[in-house]
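Taking it in order: structure first as structure tokens, then the write-up.
2 protein chains.
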Amino acid sequence: MSERKYAILGTGALGGFYGAKLQKVGLDVHFLLKSDYEQVSQNGLIVESKDGDFTLPQVNAYNDVAKMPKCDVVVVALKTTQNHLLSKLLPPVVKDDGVVLVLQNGLGIEEEIADIVDKVHVIGGLCFLCSNKIGAGHIRHLDYGHITLGEYAAGYSTIGITDRMVQIAHDFQTAEISIELAEDLLLGRWKKLVWNIPYNGLSVVLNARTDELMADTYTRTLVKQLMYEVKAGANSMGRTIPDSFIHTMLDYTMKMKPYRTSMKIDYDECRPLEVEAIVGNPLRKAQALGVNLPQISSLYHQLKFLDGRN
Amino acid sequence: MSERKYAILGTGALGGFYGAKLQKVGLDVHFLLKSDYEQVSQNGLIVESKDGDFTLPQVNAYNDVAKMPKCDVVVVALKTTQNHLLSKLLPPVVKDDGVVLVLQNGLGIEEEIADIVDKVHVIGGLCFLCSNKIGAGHIRHLDYGHITLGEYAAGYSTIGITDRMVQIAHDFQTAEISIELAEDLLLGRWKKLVWNIPYNGLSVVLNARTDELMADTYTRTLVKQLMYEVKAGANSMGRTIPDSFIHTMLDYTMKMKPYRTSMKIDYDECRPLEVEAIVGNPLRKAQALGVNLPQISSLYHQLKFLDGRN
Numbered sequence: 016m017s018e019r020k021y022a023i024l025g026t027g028a029l030g031g032f033y034g035a036k037l038q039k040v041g042l043d044v045h046f047l048l049k050s051d052y053e054q055v056s057q058n059g060l061i062v063e064s065k066d067g068d069f070t071l072p073q074v075n076a077y078n079d080v081a082k083m084p085k086c087d088v089v090v091v092a093l094k095t096t097q098n099h100l101l102s103k104l105l106p107p108v109v110k111d112d113g114v115v116l117v118l119q120n121g122l123g124i125e126e127e128i129a130d131i132v133d134k135v136h137v138i139g140g141l142c143f144l145c146s147n148k149i150g151a152g153h154i155r156h157l158d159y160g161h162i163t164l165g166e167y168a169a170g171y172s173t174i175g176i177t178d179r180m181v182q183i184a185h186d187f188q189t190a191e192i193s194i195e196l197a198e199d200l201l202l203g204r205w206k207k208l209v210w211n212i213p214y215n216g217l218s219v220v221l222n223a224r225t226d227e228l229m230a231d232t233y234t235r236t237l238v239k240q241l242m243y244e245v246k247a248g249a250n251s252m253g254r255t256i257p258d259s260f261i262h263t264m265l266d267y268t269m270k271m272k273p274y275r276t277s278m279k280i281d282y283d284e285c286r287p288l289e290v291e292a293i294v295g296n297p298l299r300k301a302q303a304l305g306v307n308l309p310q311i312s313s314l315y316h317q318l319k320f321l322d323g324r325n
Numbered sequence: 016m017s018e019r020k021y022a023i024l025g026t027g028a029l030g031g032f033y034g035a036k037l038q039k040v041g042l043d044v045h046f047l048l049k050s051d052y053e054q055v056s057q058n059g060l061i062v063e064s065k066d067g068d069f070t071l072p073q074v075n076a077y078n079d080v081a082k083m084p085k086c087d088v089v090v091v092a093l094k095t096t097q098n099h100l101l102s103k104l105l106p107p108v109v110k111d112d113g114v115v116l117v118l119q120n121g122l123g124i125e126e127e128i129a130d131i132v133d134k135v136h137v138i139g140g141l142c143f144l145c146s147n148k149i150g151a152g153h154i155r156h157l158d159y160g161h162i163t164l165g166e167y168a169a170g171y172s173t174i175g176i177t178d179r180m181v182q183i184a185h186d187f188q189t190a191e192i193s194i195e196l197a198e199d200l201l202l203g204r205w206k207k208l209v210w211n212i213p214y215n216g217l218s219v220v221l222n223a224r225t226d227e228l229m230a231d232t233y234t235r236t237l238v239k240q241l242m243y244e245v246k247a248g249a250n251s252m253g254r255t256i257p258d259s260f261i262h263t264m265l266d267y268t269m270k271m272k273p274y275r276t277s278m279k280i281d282y283d284e285c286r287p288l289e290v291e292a293i294v295g296n297p298l299r300k301a302q303a304l305g306v307n308l309p310q311i312s313s314l315y316h317q318l319k320f321l322d323g324r325n
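So the sequence lines, in the order shown, correspond to chains A and B. Numbering (the working numbering) for the first sequence: 16 to 325. Numbering (the working numbering) for the second sequence: 16 to 325.
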């Protein structure tokens, strides 16, 4: 059994799900909570999952990082709109040679975290998970759950597959979480944006589900144009997304069940949107390298307006 | 007194207003109506105007162009979404050497009309009018009313100020309608698009009034970027819009009273949007000349989706 101690910062639909899976197989997990702290410290976590429901009546719950033990792996499972808190949250809870595992969408987060905790290793995780928090400490896992891990190195240079990645993958696989290891975190992040930018963005601006965006010839064209701009953005940072990947994403979404994106759910629930991580950062990265992404820029400005008004 | 006979195709907020003003000063005006025909043929037109209310108890009303006399000047005052009807509406009503006066928004309409009635002169009119139809044959004029006239020549080459323009201007001025004559219709059309594309488009997509679009830094930036794309579009057709004009439009809109654009009103009332004339045609004109307008293209695709769903 692993000796690694895990911290979960953000015990919601994602952090609560993965953290509970890790604890269920005997790993030492410590959960940071905010509004659900009282409930979870008294009653633990409930996970309803298509892979089998389970309950953890007793978990290590905290409402303050200062009370948490130093951990080997600190999982960042907050919404990126909370990332301004990380400079206070991370230093007390991560061991000197530990790992911060960023299970968030968007671009550039690992870089920000590496600036906060400079002796720590930063690993990015791209999650394909469909789950909701349906009450305090109560998570409903609907589908998927796969994570692709890639380790960050300065300037997003390619570092390959490290021992740390292998060790963490082992723990997650023990917990029956499907893991893939990627040699190039940055390429993985840009590839995920191929889906996230058009569908998250347009679903909010046009008040539409994925199936509506794909059924209409005009939005289908716009989605594709946006995907090609993401490809151009990746290219500006030296990463190549093949056209075949774009076609696969379009086909895959055509065949998907009608889906309300996470950004649309946030918008409908009047929560702040993850615009900066998902749209703003990729846009600025490319612009800084002299590549203009005008349609993503349009979407960014529209989303910022709607987010501000919401 | 002018001998010119006028036809008004589309007796709504705009055609009804200008036509009534012309008849009021004694000109011979013939109105084509559809849903309001019964009401107007029996009771005439009522105009409430900031410049003075008036009633025309008796007007020449028609529900069929075949019953109308041949006219010297046929005013097209339909929404552009009805322009597929023009190939049937125009030939019966316009004299051989007559004029079609297009009081519509957008680009490329004169060209389409010149193809329909090839021995007829086509003049474009850019209207700055704020009026509503508040009931059958009942128009409320709120503000403005100015028209800029420019004559169309094949390929939008500059034809200067013609006698026909001067004669029509005389009739309109007699009717107390402010008129300006433009030597370059195409430049005038593109300049009007500097305002129409961003504000009409974004007001629908973002469900916002002009003041909201200008109060937010992100949409203000996007409006400006769209204006510069309109400038690039004009440039592709050899017309130069000075930057100072863009700044004037921004300042002017900043100072305007909160305004719901005509496209937004159409959208809210579930009427078809004038997307093709105002956004699609300019986009395609520029594209045909090798100039891509990506942010206008985004807006176009978004509007087509919303229009289709509405």
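In this text, a Cβ means the ideal position worked out from N, Cα and C, and glycines have one as well. All figures in this text were calculated on a predicted structure; none of them were measured in a lab.
Check: Proximity test, Cβ basis, 7 angstroms: Ser5(B) and chain A; Outcome: Residue 5(B) cannot be examined here, being either before or after the span of chain B that is shown, 16 to 325.
Check: Rounded distance between the beta-carbons of Gly123(B) and Gly165(B), thought under 8 angstroms; Outcome: Not really, about 14 angstroms apart at Cβ, beyond 8 angstroms.
Check: Min CB distance Lys239(B) to chain A below 7 angstroms; Outcome: no
Check: Three-state secondary structure assigned by DSSP to Gly216(B); Outcome: helix
Check: is_contact[Gln310(B), chain A] using C-beta, thresh 7 angstroms; Outcome: yes
Check: Closest residue to Glu289(A) among Thr232(A), Thr96(A), Ser172(A) (Cα-Cα distance); Outcome: Thr96(A)
Check: For Val137(A) and Ala129(A), believed in contact at Cβ under 8 angstroms, the rounded distance; Outcome: 5 angstroms
Check: Sub-7 angstroms separation of Met264(B) and Val209(B) beta-carbons; Outcome: yes
Check: Simplified DSSP assignment, three categories, for Gly160(A); Outcome: strand
Check: Straight-line gap, Tyr214(B) to Val181(B) (C-alpha atoms, nearest Å); Outcome: 32 angstroms
Check: Backbone CA spacing between Thr163(B) and Thr236(B) [nearest angstrom]; Outcome: 29 angstroms
Check: Contacts around Met16(A), its chain only, beta-carbon distance under 7 angstroms, and the 5 residues preceding and following it disregarded; Outcome: In this prediction, Met16(A) has a pLDDT of 49, which is less than 50 and means its spatial position is unreliable; what the coordinates show is noted afterwards. Same-chain partners within the cutoff: Gly41.
Check: Local Cβ density within 10 Å of Pro106(A), reported as buried at 16 or more and exposed below that; Outcome: exposed
Check: CB contact check: Leu221(B) to chain A, cutoff 7 angstroms; Outcome: yes
Check: Tyr226(A) at chain B interface by Cβ criterion, 7 angstroms; Outcome: First, the amino acid is wrong: residue 226(A) is Asp here, not Tyr. Not one chain B Cβ lies under 7 angstroms of Asp226(A).
Check: Per-residue contacts from Thr236(B) into chain A (C-beta, under 8 angstroms); Outcome: His316
Check: Contacts that Asp231(B) makes with chain A (C-beta to C-beta distance below 7 angstroms); Outcome: Phe320, Gly323
Check: Neighbourhood of Lys85(A) by C-beta, 6 angstroms cutoff - its chain only, sequence neighbours within 5 removed; Outcome: Lys110
Check: Three-state secondary structure (DSSP) of Tyr167(B); Outcome: coil
Check: Cβ-Cβ separation, His156(B) to Glu63(B) (assumed contact under 8 angstroms), whole Å; Outcome: 7 angstroms
Check: Between the CA atoms of Asp283(A) and Gly216(B) - distance to the nearest angstrom; Outcome: 23 angstroms
Check: Contacting residues, own chain, Cβ-Cβ under 7 angstroms from Glu244(B) (five flanking each side not counted); Outcome: Leu308, Gln310, Ile311
Check: Continuous alpha helix (DSSP H) stretch holding Leu60(B): start and end; Outcome: Where Leu60(B) is concerned, there is no enclosing alpha helix (DSSP H), although the beta strand (DSSP E) it sits in stretches over 60–64.
Check: Same chain, Cβ closer than 6 angstroms to His153(A), five either side skipped, listed in chain order; Outcome: Ile61
Check: Ile174(B) versus Gly305(A): straight-line alpha-carbon distance, rounded; Outcome: 42 angstroms
Check: Which of helix, strand or coil DSSP assigns to Asp79(B); Outcome: coil
Check: Spatial distance of Glu191(B) from Arg286(A) (CA atoms); Outcome: 54 angstroms
Check: Straight-line Cα distance separating Asp43(A) from Leu241(A); Outcome: 43 angstroms
Check: Supposed close pair Val90(A), Gly30(A) - CB separation, criterion 8 angstroms; Outcome: 6 angstroms
Check: The stretch 45–60 of chain B contacting the stretch 73–84 of chain B, beta-carbon criterion three pairs below 8 angstroms; Outcome: yes
Check: As assigned by DSSP and simplified to three states, the class of Asn147(A); Outcome: strand
Check: Contact set for Gly113(A): own chain, Cβ-Cβ below 6 angstroms, skip 5 residues either direction; Outcome: Asp87, Val135
Check: Test: Val306(A) CB closer than 7 angstroms to a CB of chain B; Outcome: no
Check: DSSP state of Met16(A) mapped onto helix, strand, coil; Outcome: Confidence at Met16(A) is low in this model, with a pLDDT of 49, below 50, so the placement of that residue is unreliable and no value is reported for it.
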